[in-house]
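Peer 1: I am attaching a structure below and will ask some questions about it afterwards.
In our numbering, the protein residues as written are 28 to 207.
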């Protein structure tokens with residue numbers, strides 16, 4: 028797919044409520060132009076987001092899945108699927124490109140994420156593939172050596188904010204919240 032000189036000026040507000048017990052384990056992706064990319068060759072050129080974009084927990088006990096929120100693109104990554112639906116698979120990546128894109132809207136991820144960082148005896152974080160990620164242009168952009176992702180000449184002037192609890196794994200950035 029190609030998104031060429033697309034503009035969003037509207038507010039996009041995703042509010043997730045319930046259940047009051049248990050956990051949700053889905054991957055969520057929210058973006059001003061596109062929520063989720065799962066294919067090689069998708070490009071965004073000269074796209075503009077002026078609208079406020081938000082993903083808010085309101086009553087959900089926990090969203091233990093990876094969540095990406097961005098002004099242009101929420102997430103370019105692959106979920107593990109049925110065997111592990113709450114996490115991205117870092118061994119897969121796509122050559123998604125974002126060139127000359129601009130965000131001026133507020134990007135908010137207020138996500139109740141109930142899986143705290145858990146360090147194993149080897150020093151590794153066993154929950155490393157579960158993230159709540161917020162970026163001015165893109166939340167998560169996951170490439171590989173053979174399929175590089177690229178962000179070029181993009182500008183963010185909007186407020187980027189995220190969080191729920193200090194013990195949880197939240198990443199945010201003015202351009203990208205997470206890149207591999």
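All C-beta atoms, glycine included, are put in the ideal place defined by N, C-alpha and C.
Remember, it's a predicted structure, so these values are computed and weren't measured experimentally.
In angstroms with no decimal places, state the Cα-to-Cα distance between residue 29 and residue 169.
Peer 2: Rounded to the nearest angstrom, the two C-alpha atoms are 18 Å apart.
Peer 1: Can you list, in chain order, the residues of its chain with a C-beta nearer than 7 Å to that of residue 39? Leave out the 5 residues immediately preceding and following it.
Peer 2: 57, 59, 78 and 80
Peer 1: Pull up the DSSP beta-bridge partners for residue 205, would you.
Peer 2: Checking the DSSP bridge columns, you'll see residue 205 partnered with 167.
Peer 1: Going by beta carbon distance, what residues of the same chain come within less than 7 Å of residue 207, once the five residues before and after it are set aside?
Peer 2: 117, 120, 169 and 170
Peer 1: Assign residue 66 to one of two classes, buried (16 or more other C-beta atoms within 10 Å of its C-beta) or exposed (fewer than that).
Peer 2: By the neighbour-count criterion, in which 16 or more other beta carbons inside 10 Å mark a residue as buried, residue 66 falls on the exposed side.
Peer 1: What does a CB cutoff of less than 6 Å around residue 184 pick up in its chain, not counting 5 residues either side in sequence?
Peer 2: 131
Peer 1: Anyone know if the C-beta pair for residue 123 and residue 54 falls short of 8 Å?
Peer 2: no
Peer 1: Taking the straight line between their C-alpha atoms, what separation do you get for residue 70 and residue 180?
Peer 2: 14 Å
Peer 1: Thinking residue 164 and residue 178 are a contact (beta carbons under 8 Å), I'd like their distance in whole angstroms, please.
Peer 2: 6 Å
Peer 1: Classify residue 93 as buried or exposed, calling it buried when 16 or more other Cβ atoms lie within 10 Å of its own Cβ.
Peer 2: buried
Peer 1: Nearest CA to the CA of residue 133: which residue from 115, 159, 74 and 98?
Peer 2: Out of 115, 159, 74 and 98, 98 has the C-alpha closest to the C-alpha of residue 133.
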